[in-house]
Amino acid sequence: MSLVRFYLSNSREVLGLLGQHVLLVLVSTAIAVAIGVPVGILLTRRPSWRRPVLGLANVFQTIPSLALFGFLIPLPFLGGIGARTAIVALVVYALLPIVRNTYTGIVGIDPAIREAGRGMGMTDGELLRLVELPLAAAVILAGIRVATVVGVGTATIAAAIGAGGLGVYIFRGVAVVDDRLILAGALPAALLALAADGLLGLVERRFAWR
Amino acid sequence: MTAVLDVRGLGYVLQGRGTGEGGRALVEDVSFSVAAGETLVLLGRSGSGKTTTLKLINRLLEPSDGEISIAGRQARSVEPYRLRRGIGYVIQDVGLLPHMTVEQNVGLVPRLECWATDRIRARVRELLALVGLAPDQFAERRPHELSGGQRQRVGVARALAVDPPLLLLDEPFGALDPITRAELQREFKGLEGRLGKAMVFVTHDVREGFLLGTRIGLMQAGRLVFLGTVEEFRRSTHPEVRAFLEAAA
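For the protein sequence lines, the chains are A and B, in the order given.
Going by numbering that gives the first Met the number 0, the letters in the first sequence line up with residues 0 to 209, in that order.
Going by numbering that gives the first Met the number 0, the letters in the second sequence line up with residues 0 to 248, in that order.
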């Protein structure tokens, strides 16, 4: 009940942080999709690039997020204090599931279907647009869904480098040893992750054929 | 009567590991021609090069040797995708795109060719009726909601969409139960007469070949070892022909 009172008396700040958080995740996921889907498609056309590219994405994934935020701060253009650095780090984390799922989604299509498309006279571009992307859509969306849910969680740490978001309450709560404050940040972040998961799951189901 | 399809000295050599010096020939020195209204049935055992020959004609595989001309044009001189839009292609079972409705599947090549929407619609309905599917009942269905026989009907309708002079059929009735199969063969026989297309029909079923073929070509180990009418086929003394006749008897 004290949490409700906290939200009521700080509603303006809470909504502001929630907005920042959503924005961090939306922008970073959108950028990761814009990079990751084309890269995944490219890997299906250049199979020899698969190992190095997915390997690199894997390595990035293993860097602890707090460390990555720290590493980025001194970098020119990408780094510094604030939301920009946080978005760069979140994009790096979101890339792997998106690239990997785009690749496996397209490669997993029955080769006979692809050949049927080519046999009807589709160009490579038409095959991609009319056959490969629609049939791989559910798998690609599953990757975007994972990236988004992970992004909501990771974005709480962005508060450590001054990017705002719900992590602000969590870090503040840890600093002053106040459970209520930690919960004030953690609870909406968890709900946000669940909401994103459910919403994207619905979209994903729309694209499941058969 | 001029040939719609003319194949001269067609060859395909598979290069790669384990194929030995100079690769392995899957198709060798195959020549035939098919006129409008004629159906050439390519018979042969599995791996004899029937399907490969078909894919060489629409350039899903690039011939290593030989000349192919379709409706008087050298196949080599045309962009592969252009060439394929002018050739109807029917394959066994998986040919339909699972995420598209029957209407979208049949109207696919017209769509690639940028026909007006109304014209595509009208053409799709006409074709569905032609292959014995009520347009109102089937246009909005997806392939997985159809029976095997209905799927193959849609496959034939799709191949006819832009009215190509040449049809390639790769065991189109191969995955069907015997009853549906006989039914579709009968209907196809009727279509053959009405359409006046040049067709190359691949099968390993001799009876199907006799029923549907104007001429029979028999392939063995990549070569065309017999080419002639059904009557000539029955009388031939070639051992592979005898083997096929005995198996069907």
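Virtual Cβ for every residue (Gly too), placed ideally from N, Cα, C.
Note that the structure is a prediction, hence the values are computed from the model and not measured.
Kindly indicate which three-state DSSP category residue i falls into: helix, strand or coil?
i: residue 235 of chain B; result: coil
i: residue 72 of chain A; result: coil
i: residue 10 of chain B; result: strand
i: residue 159 of chain B; result: coil
i: residue 90 of chain B; result: strand
i: residue 175 of chain A; result: coil
i: residue 43 of chain B; result: strand
i: residue 227 of chain B; result: strand
i: residue 1 of chain A; result: helix
i: residue 196 of chain A; result: helix
i: residue 60 of chain B; result: coil
i: residue 135 of chain B; result: helix
i: residue 31 of chain A; result: helix
i: residue 23 of chain B; result: strand
i: residue 100 of chain B; result: coil
i: residue 197 of chain B; result: strand
Should residue i go down as buried or exposed, given a rule of 16 or more other Cβ atoms within 10 Å for buried?
i: residue 56 of chain B; result: buried
i: residue 48 of chain B; result: buried
i: residue 36 of chain A; result: buried
i: residue 76 of chain A; result: exposed
i: residue 240 of chain B; result: buried
i: residue 104 of chain B; result: buried
i: residue 187 of chain A; result: buried
i: residue 26 of chain B; result: buried
i: residue 100 of chain A; result: buried
i: residue 188 of chain B; result: exposed
i: residue 176 of chain A; result: exposed
i: residue 27 of chain A; result: buried
i: residue 171 of chain B; result: buried
i: residue 3 of chain A; result: exposed
i: residue 149 of chain B; result: buried
i: residue 54 of chain A; result: exposed
Give me, in chain order, the residues of the same chain whose beta-carbon lies closer than 8 Å to that of residue i; leave out the 5 immediate sequence neighbours on both sides.
i: residue 68 of chain A; result: 84, 85, 88, 156, 157, 159, 160
i: residue 127 of chain A; result: 40
i: residue 226 of chain B; result: 31, 214, 215, 216, 217
i: residue 206 of chain B; result: 247
With 8 Å as the threshold, decide whether the Cβ of residue i is near any Cβ in chain A.
i: residue 90 of chain B; result: yes
i: residue 94 of chain B; result: yes
i: residue 11 of chain B; result: no
i: residue 153 of chain B; result: no
i: residue 98 of chain B; result: yes
i: residue 84 of chain B; result: yes
i: residue 108 of chain B; result: yes
i: residue 59 of chain B; result: yes
i: residue 111 of chain B; result: yes
Is the shortest distance between the beta-carbon of residue i and the beta-carbons of chain B less than 8 Å?
i: residue 133 of chain A; result: yes
i: residue 44 of chain A; result: no
i: residue 164 of chain A; result: no
i: residue 11 of chain A; result: no
i: residue 113 of chain A; result: no
i: residue 122 of chain A; result: yes
i: residue 128 of chain A; result: no
i: residue 116 of chain A; result: yes
Taking only beta-carbon atoms, is residue i less than 8 Å away from chain D?
i: residue 203 of chain A; result: In the structure shown, chain D cannot be found, because the protein chains are A and B.
Taking only the alpha-carbon atoms, compute the straight-line gap between residue i and residue j and give it to the nearest angstrom.
i: residue 105 of chain A; j: residue 11 of chain B; result: 29 Å
i: residue 81 of chain B; j: residue 134 of chain A; result: 24 Å
i: residue 161 of chain B; j: residue 85 of chain B; result: 8 Å
i: residue 267 of chain B; j: residue 212 of chain B; result: Any answer about residue 267 of chain B is impossible in this case: the structure gives chain B only from 0 up to 248.
i: residue 209 of chain B; j: residue 216 of chain B; result: 11 Å
i: residue 113 of chain A; j: residue 185 of chain A; result: 46 Å
i: residue 75 of chain B; j: residue 197 of chain A; result: 52 Å
i: residue 72 of chain A; j: residue 82 of chain A; result: 11 Å
i: residue 90 of chain A; j: residue 110 of chain A; result: 32 Å
i: residue 167 of chain A; j: residue 5 of chain A; result: 15 Å
i: residue 71 of chain B; j: residue 102 of chain B; result: 32 Å
i: residue 46 of chain A; j: residue 129 of chain A; result: 22 Å
Give every residue of the same chain whose Cβ lies closer than 6 Å to the Cβ of residue i, excluding the five residues on either side of it in the sequence, and list them in chain order.
i: residue 154 of chain B; result: 89, 94
i: residue 191 of chain A; result: 151
Nearer than 7 Å: is that true of the beta carbon of residue i relative to any heavy atom of the ligand FAD?
i: residue 166 of chain B; result: No copy of the ligand FAD occurs in the structure displayed, which carries no ligand at all.
Looking only at its chain, what residues have a beta carbon closer than 7 Å to the beta carbon of residue i, apart from the 5 residues adjacent to it on each side?
i: residue 79 of chain B; result: 58
i: residue 19 of chain A; result: 163, 164
i: residue 130 of chain B; result: 152, 155, 156
i: residue 159 of chain B; result: 87, 126
i: residue 28 of chain B; result: 8, 10, 222
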